[in-house]
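Everything below concerns the one structure shown next.
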Amino acid sequence: MSPVSQVLDQPDLSASTVGLKAPVAEAQRIHSLDVLRGFALLGILLLNIIEFGLIEASYSNPAVDLADGSALDVGVWATVELFAEGAMRCVFSMLFGAGVVLFATGARAKSGWLHYKRTFWLAMIGLFDVFVLLWIGDILVTYALAGAILYWFRNLRVRWLLAIAASLLVVISSFYGVVRLGLGTLQGAAVEVAEAADPDRVAAGTREMAAQWQDFAGDFSPSAEEQAKEIAARSGNYASAFKANAANVPGMLGFVMPVFLIWDALLMMIIGMALFKMGVLHGHRSDAFYKKLMLFGFSIGLAVNGFEVWNGLRTDFDIFSVFAQMQPTYHFGRLGMGLGYIGLVVLFAKSSGFVRLRSGLASVGRMALTNYLMHSLFALLIFSGAGLGLVGVLSRAQLYPIVIAIWIVQLFFSEWWLLRFQFGPVEWVWRMLTYGKRPAFRRSAG
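Each residue of the sequence shown is one higher than the last, beginning at 12 in my numbering.
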């Protein structure tokens, strides 16, 4: 039997780990899932900190802050881009897919009502993150909507899940290629209009395309004046920051999410479902398997990401070289890195060393929703006008000591909290809203 057949013929393990009509008991938790979730949750901050602390356009177009950046700032960009960009969200999405299998099969699958009630409240928590904590890059609403679609995939066999994921990967990557070609056409039209002796004599269709390029460039390559205006609004006070954030919400929820984010998340969630059913995420496979997965994933991920980073540096951060949604290779790189990290972290979770770190990561993972919202709260207090107003003050490299400090706080806080309470505070509220009853919260004195 070929190695591929051995993988595809693995038994569906989901049935043995689900079937409850109540929240999963502590003793039934899967340690490797918690460690993976904690690792991915902390890793996501490596990317989100950019949009928290810099001009929003810097997230997609590093030329905004790196055109005059130091060698250290450029090196930090290259390192994060090579090892983390897209990969942490990839792992987090896979784990969400595994969570749907855990939650929406067995006894709880007799009616989809409980699943949809759960995703509805997740969307409400996400909207709280968007409108109250002012995090325009919130992923919870996207996950809730993708989870509504994902429910119908929960009982598919591994072969079908992987086939659907492979098809989605090809379609999404091809779409990114089309986006690149389309924006290139608009840019060409803008150049034609700019170089024309009399722009009014240029064909109306060309002038319309040029205007569309200018709109795009204005959003992702803002002028110094526009940057200063954004910083003033976001750092002024809570009201001005709220207004600036609210102006961007329609574009995010009405365009970016349905066109890009939902399909990005759905692709990785379906792969996560397959990996869960194969026993990969449980840590049930051999150490040799995880080492091979790590080698395979990192080889692909580092090769693809390395090419993209080199291309970005070679072109001085030309937007066509650094904008993720213009790179047909983007999902191959992040998927490779995601699989590599799964192999690495599951091996780490199965090991006997670094007990305190493993315990801390598992605690962060068990409180992933609380910790995710804490990222937004920290950002609100540090960068927005509701707190210190440091948005646009620190360079890219100077943001990462803040990331490390938040990691340390969350590792210690999560362990401290779970010694006293059975759930994170937001997890407890989410469970109460989902099941319609209050689960036990405090631990007994013993």
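No residue lacks a Cβ here, since even glycine has one placed at the ideal position from N, Cα and C.
Under the rule that a run must span 4 or more residues, the alpha helix (DSSP H) segments found entirely inside the segment 222 to 253 read 235 to 247.
In the DSSP assignment, V402 falls outside any alpha helix (DSSP H) and carries neither an H nor an E. Non-local C-beta neighbours of F50 in its own chain, meaning closer than 6 Å and more than five positions away in sequence, comprise V356, L372, ordered along the chain. Between K254 and the set E241, L264, G265, the nearest pair of CA atoms involves E241. Closest option to V143, judged by alpha-carbon separation, among P436, A98, S455, A390: A390. Assignment of F103 by DSSP, reduced to helix, strand and coil, places it in the helix class. For I175, the enclosing alpha helix (DSSP H) covers residues 169 to 206.
Nearest in C-alpha terms to A222, of all of Y446, E203, E236, I311, is E203. Around L145, the same chain offers A252, F253, N256, L391, S395 as residues with beta carbons nearer than 7 Å, after the five sequence neighbours per side are excluded.
Contact check for H342 and L278: beta-carbon distance about 7 Å, within the 8 Å limit, so the pair qualifies. For H342, the enclosing alpha helix (DSSP H) stretches over residues 341 to 361. Cβ neighbours of G398 within its own chain (closer than 7 Å, five residues either side excluded): L391, L392. When the beta-carbon positions are compared, G54 and M99 come within less than 7 Å of each other. Shown here, F334 sits in coil according to DSSP, grouped into three states, outside any helix or strand. Cβ-Cβ distances below 7 Å link G294 to S43, V357, A360, K361 in the same chain, with the five nearest sequence neighbours on each side left out; the list follows chain order. Under the three-state reduction of DSSP, R453 is assigned to strand.
When secondary structure is reduced to three states using DSSP, F394 falls in the helix class. 7 Å or more divides the Cβ of W439 from the Cβ of W132.
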